[in-house]
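Peer 1:
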Amino acid sequence: MIPQRSALRLAQRSAPVRSALQRRFNSAQSKIPSWAVDNEFNRERAAVKHHAASTSSLWLKLSIFAVIPTLIGGGWNAYSQWNEHWEHWEHMPPLEERTEYPYQNIRSKNFPWGDGDKLEQQRQLPQQGQGYLDSTILTSSIPPSMAPRPDVLIIGAGPSGLVTALWLVKQGISIRIIDKAEADVTTSRALAIQARTLELYRQLEIAEDVVSNGHKIAATNVWSEGTHRGRIPIGDIGTGLTPYPFIHIFSQDQHEKLLEERLNSLGVQVERHRELIDFTENESSITARLKTTDPNANGGDNVETCEATFIVGCDGARSAVRHISGVQYDGATYSHIFFVADFEGSGPSLNGEAHVTFNQSEFMLLFPYDDSSRGRISGAIDDETAEKGTDITFDDVAPRMEETLKLKIDKLNWFSIYRSHHRLASAFRKGRAFLVGDAAHIHSPVGGQGMNTGIGDAINLAWKLAAVIKGQAGLSLLDSYETERRAFANQLVNTTDSGFNAVISQSYFARTLRTYVLPYVAPLLAKIDYVRHNVFRKVSQIMLDYRQSMLSAGVAGYVHGGDRMPWARVGDLDNFESLKSITWQVHVYGEPKLELTQWCQDKNIPLHAFPWDGQYQTAGLQADAAYLIRPDTYVAVAEPSGSSQRFDQYFEDIELQWL
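Written out as structure tokens, the structure is:
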């Protein structure tokens with residue numbers, strides 16, 4: 001709620017604000033929802049109070065993914081994410097014309113003897129009047145022309161778009177989210193949910209749902225030329241580092257369904273069969289033209305306009321937002337053809353664990369959906385088979401799959417072949433337009449980072465957009481989105497590309513390494529705790545930091561401004577419990593100073609004090625230091641003195657304030 005005296009001061013300075021205030025006070029007798037008027041008030045307040053400012057671009061200091069450690073502990077995870085954005089493959093141009101997009105499909109088919117139809121029926125959302133929708137007003141039930149003006153228009157309803165929407169709505173921001181597809185996905189696509197994503201999903205109250213409905217990988221088995229060479233235990237490989245110290249499988253169709261249900265419960269529904277045509281921008285907003293693509297829609301004009309303060313492109317590698325903004329998408333296409341198969345069967349490799357096989361001319365990777373007989377195999381097509389091009393079928397790869405991994409395939413649910421790319425947008429922001437996920441970056445599958453990186457983009461951007469829209473920060477805060485996230489994406493594109501080339505190379509050295517060295521060395525290296533923990537830190541993204549960001553300052557203990565807040569549990573006390581709230585907060589491990597306590601009260605910033613324990617020192621924290629934490633749970637300022645004075649200067653520097 002905005003203090004009355006502050007609102008009146010603003011009203012004296014802006015006629016639009018006075019108008020918004022009047023509508024706010026009259027909303028009880030109006031058909032316009034009061035929250036819609038509040039949002040309009042916030043927009044006008046932000047326009048009055050803040051101005052654009054340029055900031056210096058600082059490079060992000062990030063860890064590099066090593067090829068061999070990634071293959072040891074996280075390589076299987078990588079190939080689970082090759083097919084994260086397979087929208088409308090049947091409409092793609094011929095193979096020789098497709099040079100821009102990340103996953104070039106050659107053939108994708110649901111087989112009649114599989115269970116695709118049954119799965120699709122099970123994944124239908126409840127209808128209005130059933131379950132959680134009983135008391136929910138869905139925005140899509142309101143004609144677009146009558147809906148309140150949104151603060152943010154989101155294009156694309158994959159994981160990145162849904163997470164962007166959820167984080168904004170949770171912070172009281174009005175949004176509209178559209179997708180040109182007719183329904184959510186019904187195939188598994190990306191599978192791995194990294195520990196860092198699960199930590200942040202606590203803020204949406206869905207982390208435990210993801211864990212309870214997914215599958216933990218106990219081990220990775222290494223094969224070579226049809227012989228089992230070793231087993232790498234994974235289990236809780238990251239114990240002591242995170243509340244989620246495991247490698248977790250949760251298929252994208254279930255994942256998106258869970259995210260969308262959560263969004264529905266907050267009063268927002270995805271508008272499907274709706275596509276972005278173009279948009280224009282002025283000093284305070286964007287105006288987009290949207291087209292209805294539903295073939296069953298009523299006749300008449302199927303084009304509408306939508307005005308919003310910002311537009312966010314979460315619309316995949318063929319992003320319309322990126323194209324309209326004129327942002328370049330530089331990179332290249334891998335020449336190799338890959339396959340993926342969703343199947344049911346039997347055999348020693350269908351034991352609930354991951355299996356990877358390295359041969360002279362190919363490699364394959366199998367991972368389970370659960371402990372039953374269902375799994376997915378991904379791999380590279382050998383050169384001889386690849387000569388068939390678009391005529392490749394499952395029968396061309398099945399014999400080798402069964403021979404190499406000792407499988408008996410009983411039912412094929414789905415099979416596809418494709419190519420992969422590595423590309424990076426030249427900018428993640430263009431004025432009031434932002435790019436998130438595959439719209440901004442795509443890279444080779446080494447490391448299994450694709451979908452999780454897109455979710456990280458969404459969370460990084462959402463709290464900053466909310467602060468600007470609420471009038472708490474100037475537009476310059478939004479510059480930090482590109483500074484922080486593009487540097488990380490650039491690192492991923494470069495390092496995973498090198499690792500991927502090593503895996504698929506047909507040179508004599510690479511073939512020898514894959515066939516005769518890795519199968520024996522990887523299990524031995526995995527027994528070293530340092531290697532195991534280092535691999536987990538990198539693959540899980542808990543090592544990602546923003547130390548070089550303009551939003552990061554100070555060092556206390558081993559924790560720098562820009563680091564993820566370290567996790568520590570002392571008895572039943574979990575220091576991440578307070579991080580469930582999407583808000584600024586202060587942590588002190590020890591005794592907080594009285595002036596810090598008073599400062600937090602004056603600023604209405606939560607202060608959490610934890611009695612000192614050796615576990616906190618092990619985590620890298622310093623006794624009695626004060627840690628100012630951002631809404632996305634990264635440390636903004638690490639102040640060893642425990643004083644609040646540096647916090648005041650920090651908020652002044654980044655132009656962030658509270659009324």
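Residue 319 in full-length UniProt numbering is what sits at position 319 of the sequence shown, and the numbering runs on without skipping anything.
Cβ atoms here follow ideal geometry from the backbone N, Cα and C, with glycine treated the same way.
Everything numeric in this text was worked out from a predicted model, so none of it was measured.
#1: So, is Pro-348 buried or exposed, given that buried needs 16 or more other C-beta atoms within 10 angstroms?
#2: Using the C-alpha atoms, what's the distance from Ala-190 back to Ile-605?
#3: Which whole runs of the beta strand (DSSP E) in the segment 180-254 are 3 residues long or more, in chain order?
#4: Rounded to whole angstroms, what's the CA-CA distance from Thr-70 to Ala-183? Just pull it up for me.
#5: What is the rounded straight-line gap between the Cα of Ala-619 and the Cα of Lys-464?
#6: Since Ile-542 is in the beta strand (DSSP E), which residue starts that stretch and which ends it?
#7: Take Glu-403 as the anchor and find which of Asn-359, Asn-264 and Ser-416 has the nearest alpha-carbon.
#8: Determine the direct distance from the alpha carbon of Val-559 to that of Val-517, and round the result to whole angstroms.
#9: Can you tell me whether Lys-180 is buried or exposed? The criterion is at least 16 other CB atoms within 10 Å of its CB, across all chains shown.
#10: Please look up how many angstroms separate the CB atoms of Arg-197 and Ala-462, rounded, as I've assumed it's under 8 Å.
#11: Quick one: what's Pro-368 bridged to in DSSP?
#12: Whose C-alpha, out of Leu-621, Glu-591, Pro-592 and Val-268, is nearest the C-alpha of Ala-568?
#13: Can you look up Asp-151 in the DSSP assignment and give me helix, strand or coil?
#14: Among the residues of its own chain, which have a CB less than 6 Å from the CB of Trp-599, if the five just before and after it don't count?
#15: Report yes or no: do the segment 193-208 and the segment 225-236 share at least 3 C-beta pairs separated by less than 8 Å?
#16: Quick one: grab the DSSP three-state call for Trp-414.
#17: Quick check on the DSSP output: the alpha helix (DSSP H) that includes Gly-614 runs from which residue to which?
#18: Starting from Cys-600 and walking both ways along the alpha helix (DSSP H), at which residues does that stretch end?
#19: Contact check, Gly-375 vs Phe-367 under 8 Å by CB: the rounded distance?
#20: From the DSSP output, in three-state form, read off Gln-585 for me.
#21: For a test of the three-state rule: what should DSSP assign to Ser-643, helix, strand or coil?
#22: Have a look at Leu-477 and Ile-459 and give me their C-alpha separation to the nearest angstrom.
#23: If you reduce the DSSP assignment to three classes, tell me which class Ile-455 lands in.
#24: In terms of DSSP beta bridges, what is His-273 paired with?
#25: Mind checking Thr-357: buried by the 16 CB within 10 Å criterion, or exposed?
#26: Would you give the residue range spanned by the beta strand (DSSP E) that Glu-402 belongs to?
#27: Taking the alpha-carbon positions, what's the Lys-291 to Ile-155 distance?
#28: Roughly how many angstroms lie between the CA atoms of Leu-263 and Asp-602, to the nearest whole one?
Peer 2: Per the coordinate set shown:
#1: Counted from its first residue, the sequence shown places residue 348 at position 348. With fewer than 16 Cβ atoms within 10 Å of its Cβ, Pro-348 is classed as exposed.
#2: The residue you call residue 605 lines up with position 605 of the sequence shown. The residue you call residue 190 lines up with position 190 of the sequence shown. One C-alpha to the other measures close to 38 Å.
#3: 219-224 and 227-233
#4: Taking the first residue of the sequence shown as position 1, residue 70 is located at position 70. Taking the first residue of the sequence shown as position 1, residue 183 is located at position 183. At Thr-70 the pLDDT is 40, less than 50, meaning the model places this residue with poor confidence; the figure from the coordinates comes in the next sentence. The straight-line gap from Cα to Cα measures roughly 35 Å.
#5: On the sequence shown, residue 619 is found 619 positions in, with the first residue counted as 1. On the sequence shown, residue 464 is found 464 positions in, with the first residue counted as 1. Approximately 28 Å, taken between the alpha carbons.
#6: On the sequence shown, residue 542 is found 542 positions in, with the first residue counted as 1. Segment: none, Ile-542 is in no beta strand (DSSP E) and carries neither H nor E.
#7: If you number the sequence shown from 1, residue 403 lands on position 403. Out of Asn-359, Asn-264 and Ser-416, Asn-359 has the C-alpha closest to the C-alpha of Glu-403.
#8: The sequence position of residue 517 within the sequence shown is 517, counting from 1. The sequence position of residue 559 within the sequence shown is 559, counting from 1. Approximately 38 Å between the Cα atoms of the pair.
#9: Taking the first residue of the sequence shown as position 1, residue 180 is located at position 180. Lys-180 comes out buried.
#10: Along the sequence shown, one-based indexing puts residue 197 at 197. Along the sequence shown, one-based indexing puts residue 462 at 462. Arg is not the amino acid found at residue 197; the sequence shown has Thr there. At roughly 14 Å, the Cβ-Cβ gap does not stay under 8 Å, so Thr-197 and Ala-462 are not in contact.
#11: Position 368 of the sequence shown, counted from the first residue, corresponds to residue 368. Beta-bridge pairing links Pro-368 to Gly-375.
#12: Here residue 568 corresponds to residue number 568 of the sequence shown, with the count starting at 1. Considering only alpha carbons, the answer is Leu-621.
#13: For this step, residue 151 is matched to residue 151 along the sequence shown. DSSP places Asp-151 in coil when its eight states are reduced to three.
#14: As a working mapping, residue 599 is identified with position 599 in the sequence shown. Taken in chain order, the residues that qualify are Ser-644.
#15: no
#16: The count along the sequence shown starts at 1 and reaches residue 414 at position 414. DSSP places Trp-414 in strand when its eight states are reduced to three.
#17: The count along the sequence shown starts at 1 and reaches residue 614 at position 614. Gly-614 -> alpha helix (DSSP H) spans 614-618.
#18: If you number the sequence shown from 1, residue 600 lands on position 600. Cys-600 -> alpha helix (DSSP H) spans 594-603.
#19: Along the sequence shown, read from residue 1 onward, the residue named residue 375 stands at position 375. Along the sequence shown, read from residue 1 onward, the residue named residue 367 stands at position 367. Between Phe-367 and Gly-375 the Cβ distance is about 6 Å, and since that is below 8 Å, they are a contact.
#20: Working through the sequence shown from its first residue, we reach residue 585 at position 585. Strand, per DSSP.
#21: In the sequence shown, counting from the first residue as 1, residue 643 sits at position 643. Secondary structure of Ser-643 (DSSP, three-state): coil.
#22: Here residue 477 refers to the residue found at position 477 when the sequence shown is read from its first residue. Here residue 459 refers to the residue found at position 459 when the sequence shown is read from its first residue. It is roughly 14 Å from the alpha-carbon of Leu-477 to the alpha-carbon of Ile-459.
#23: Walking along the sequence shown from the start, residue 455 turns up at place 455. Of the three classes helix, strand and coil, the one that applies to Ile-455 here is helix, per DSSP.
#24: Counted from its first residue, the sequence shown places residue 273 at position 273. DSSP lists no partner for His-273.
#25: Residue numbering aside, residue 357 sits at position 357 when the sequence shown is read from its first letter. By the Cβ-count criterion, Thr-357 is buried, with 16 or more other Cβ atoms from all chains shown falling within 10 Å of its own Cβ.
#26: Position 402 of the sequence shown, counted from the start, is the residue given in the question as residue 402. Looking at the DSSP string, Glu-402 is not in any beta strand (DSSP E); the run it does join, the alpha helix (DSSP H), is 394-405.
#27: Position 291 of the sequence shown, counted from the start, is the residue given in the question as residue 291. Position 155 of the sequence shown, counted from the start, is the residue given in the question as residue 155. For Lys-291 and Ile-155, the distance between alpha carbons rounds to 12 Å.
#28: Taking the sequence shown and counting its residues from 1, the one referred to as residue 263 is at position 263. Taking the sequence shown and counting its residues from 1, the one referred to as residue 602 is at position 602. Between Leu-263 and Asp-602, the C-alpha separation is close to 33 Å.
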